[in-house]
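Undergrad: Residue numbers (my numbering): 5 to 327.
All residues carry an ideal CB built from backbone N, CA and C; glycine is no exception.
Quantities reported herein were computed from a predicted structural model and do not represent experimental measurements.
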């Protein structure tokens, strides 16, 4: 008699096959080696009926698992979760998809002399191995101070939407065939809630987390504020602990090997960092998900820390921001 174990194993095996990051359909996100994103087709014009079927089946699989209350090893990256919820993606989401391109766009946007960068409204896409014009006559149009923001916006749209529009459309179609958007809206999911609902909770070992934590800006493991933080984390129920991990790393899932193998952007191993932030009891923590870092004020006691962090985990404080 199956008490659920066989069903869970079956779901896990099917999901691992359909959502394989080593396949031509999927790959890991740019900021870690655990969350999934669509692998852009090398030739979007050659997107085949077989490709379309795969993404539609994948969408139906994820939705059916969610509908049946079965968790599967499918930690979709934040932009994918936003697409499922029909939420707009923002410029900061580009870092999850292509960290190098994100930094390049930031460099262009912040440049005081855009003409010196010698760019045109054309982009050589690494995935498709081709040059793409970002608008009519793009290769003949120079980027300068007057149009650099337009250039960044067009490049963002290409990387986040255009290059994956066909597979993403099929994935969403398959998902909504099983679980309509109205049902997701009725559940009042945010991207973090949806990730946990799809993929479930990993066992977050507080001892392992603390053992692989770096400290900076005056903090060390013996600091009272640090001790209060770990006391708070240890007392959290599993779901809230996973939410905290999600806030500071961008995902509730840990890589194989736990916190020792936590990765930052570009796939470089980067342990969790707890950094002292000025401001005392009036300041809020700030998370930097691509660096696995939490900037934490030195609160006067554990009660203040618990009140502020608990409010954050309930989603009541907008000041706790990831980047």
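Put residue 331 into one of helix, strand or coil per three-state DSSP.
TA: Absent from the structure is residue 331, since the part of the chain shown begins at 5 and ends at 327.
Undergrad: Return the bridge partner residues of residue 137 from the DSSP annotation.
TA: Here the question's residue 137 lines up with position 133 in the chain shown. Note: residue 137 sits in a beta bridge opposite 126.
Undergrad: Would DSSP call residue 200 helix, strand or coil?
TA: Residue mapping note: residue 200 aligns to position 196 of the chain shown, counting from 1. If DSSP states are grouped into helix, strand and coil, residue 200 belongs with the helices.
Undergrad: Between which two residues does the beta strand (DSSP E) containing residue 220 stretch?
TA: On the chain shown, position 216 is the one that residue 220 refers to. Taken as a continuous stretch (DSSP letters only), the beta strand (DSSP E) holding residue 220 covers 217 to 220.
Undergrad: Which whole-angstrom value describes the C-beta separation of residue 164 and residue 80, a residue pair presumed to lie in contact below a C-beta threshold of 8 Å?
TA: Position 160 of the chain shown, counting from 1, holds the residue named residue 164. Position 76 of the chain shown, counting from 1, holds the residue named residue 80. Not really, about 15 Å apart at Cβ, beyond 8 Å.
Undergrad: DSSP puts residue 32 in a beta bridge; with which residues?
TA: The residue labelled residue 32 in the question sits at position 28 within the chain shown. According to DSSP, which records beta bridges pairwise, residue 32 is partnered with 40.
Undergrad: List the DSSP bridge partners of residue 277.
TA: Along the chain shown, one-based indexing puts residue 277 at 273. The partner list for residue 277 (beta bridge, DSSP) reads 218, 297.
Undergrad: Name the residue from 263, 275, 312 whose alpha carbon lies nearest to the alpha carbon of residue 286.
TA: Taking the first residue of the chain shown as 1, we reach residue 286 at position 282. Nearest of 263, 275, 312 to residue 286, Cα basis: 312.
Undergrad: Report the three-state DSSP secondary structure of residue 149 (helix, strand or coil).
TA: Along the chain shown, read from residue 1 onward, the residue named residue 149 stands at position 145. DSSP places residue 149 in coil when its eight states are reduced to three.
Undergrad: Mind reading off the beta-carbon distance from residue 77 to residue 20? Whole number of angstroms is fine, and I expect it under 8 Å.
TA: Taking the chain shown and counting its residues from 1, the one referred to as residue 77 is at position 73. Taking the chain shown and counting its residues from 1, the one referred to as residue 20 is at position 16. Cβ-Cβ separation between residue 77 and residue 20: approximately 6 Å, consistent with a contact (criterion under 8 Å).
Undergrad: Would you be able to state if there are at least three C-beta pairs under 8 Å between the region 208 to 215 and the region 235 to 245?
TA: yes
Undergrad: Are the beta-carbon atoms of residue 200 and residue 246 separated by less than 8 Å?
TA: As a first step, residue 200 is located in the chain shown; it is residue number 196 there, counting from the start. As a first step, residue 246 is located in the chain shown; it is residue number 242 there, counting from the start. Yes. Within cutoff.
Undergrad: Residue 292 lies in the beta strand (DSSP E); which residues open and close that run?
TA: Reading the chain shown from its first residue, position 288 is the one you call residue 292. Counting along the chain, the beta strand (DSSP E) containing residue 292 begins and ends at 290 to 292.
Undergrad: Is the Cβ-Cβ distance between residue 268 and residue 218 less than 8 Å?
TA: Position 264 of the chain shown, counting from 1, holds the residue named residue 268. Position 214 of the chain shown, counting from 1, holds the residue named residue 218. For residue 268 and residue 218, no; Cβs fall outside 8 Å.
Undergrad: Quick check: the region 106 to 117 against the region 221 to 229, are there 3 or more CB pairs under 8 Å?
TA: Taking a contact to require three or more Cβ pairs closer than 8 Å, the region 106 to 117 and the region 221 to 229 do not qualify as touching.
Undergrad: Taking contact to mean 3 or more Cβ pairs, one atom from each stretch, closer than 8 Å, check whether the region 180 to 200 and the region 276 to 295 are in contact.
TA: No contact exists between the region 180 to 200 and the region 276 to 295.
Undergrad: DSSP three-state label for residue 240, please.
TA: What you label residue 240 is simply residue 236 of the chain shown in a count that begins at 1. In this structure, residue 240 counts as coil in the three-state DSSP scheme.
Undergrad: Locate the alpha helix (DSSP H) running through residue 97, then write down its first and last residues.
TA: Along the chain shown, read from residue 1 onward, the residue named residue 97 stands at position 93. No alpha helix (DSSP H) contains residue 97, which DSSP labels as neither H nor E.
Undergrad: Please name the residue, chosen from 194, 83, 182, that lies closest to residue 72 on a Cα-to-Cα basis.
TA: Taking the first residue of the chain shown as position 1, residue 72 is located at position 68. The candidate whose alpha carbon is nearest that of residue 72 is 182.
Undergrad: Based on Cα-Cα distance, which residue from 296, 61, 290 lies nearest to residue 264?
TA: Taking the chain shown and counting its residues from 1, the one referred to as residue 264 is at position 260. The shortest C-alpha separation from residue 264 is found at 296.
Undergrad: State the DSSP-derived secondary structure class of residue 205, mapped to helix, strand or coil.
TA: Residue 205 sits at position 201 when you count from the first residue of the chain shown. The answer is coil: DSSP assigns residue 205 none of H, G, I, E or B.
Undergrad: DSSP three-state call for residue 267: helix, strand or coil?
TA: Position 263 of the chain shown, counted from the first residue, corresponds to residue 267. In the structure shown, residue 267 sits in a strand (DSSP, three-state: E or B).
Undergrad: Residue 47: buried (16+ other C-beta within 10 angstroms of its C-beta) or exposed?
TA: In the chain shown, residue 47 corresponds to position 43, counting from 1. Exposed.
Undergrad: Between 194, 25, 186, 226, which lies nearest to residue 250 when the distance is taken from Cα to Cα?
TA: To locate residue 250, count along the chain shown from 1; it is residue 246. It is 194 whose Cα lies nearest to the Cα of residue 250.
Undergrad: Would you mind sorting residue 178 into buried or exposed? The rule is 16 or more other CB atoms within 10 Å of its CB.
TA: Counting from 1 along the chain shown, the entry for residue 178 is found at position 174. With 16 or more Cβ atoms within 10 Å of its Cβ, residue 178 is classed as buried.
Undergrad: Less than 6 Å between C-beta atoms, sequence neighbours within five positions excluded: which residues of the same chain meet that for residue 86?
TA: Position 82 of the chain shown, counting from 1, holds the residue named residue 86. 93, 195, listed in sequence order.
Undergrad: At a cut of 8 Å, does the region 120 to 132 reach the region 53 to 62 through at least three beta carbon pairs?
TA: Judged by Cβ distances under 8 Å, the region 120 to 132 makes no contact with the region 53 to 62, as fewer than three pairs qualify.
Undergrad: DSSP on residue 165, reduced to helix/strand/coil?
TA: Against the chain shown, residue 165 aligns to sequence position 161. Residue 165 falls in the coil class under three-state DSSP.
Undergrad: How long is the line joining the alpha carbons of residue 154 and residue 169, rounded to whole angstroms?
TA: In the chain shown, counting from the first residue as 1, residue 154 sits at position 150. In the chain shown, counting from the first residue as 1, residue 169 sits at position 165. Rounded to whole angstroms, residue 154 to residue 169 spans 21 Å at the Cα level.
Undergrad: Output the distance between the C-alpha atoms of residue 90 and residue 57, rounded to the nearest integer angstrom.
TA: Here the question's residue 90 lines up with position 86 in the chain shown. Here the question's residue 57 lines up with position 53 in the chain shown. Going by the C-alpha atoms only, they are around 22 Å apart.
Undergrad: Give the secondary structure of residue 85 by DSSP, where H, G and I count as helix, E and B as strand, and everything else as coil.
TA: What you label residue 85 is simply residue 81 of the chain shown in a count that begins at 1. Correct three-state label for residue 85: helix.
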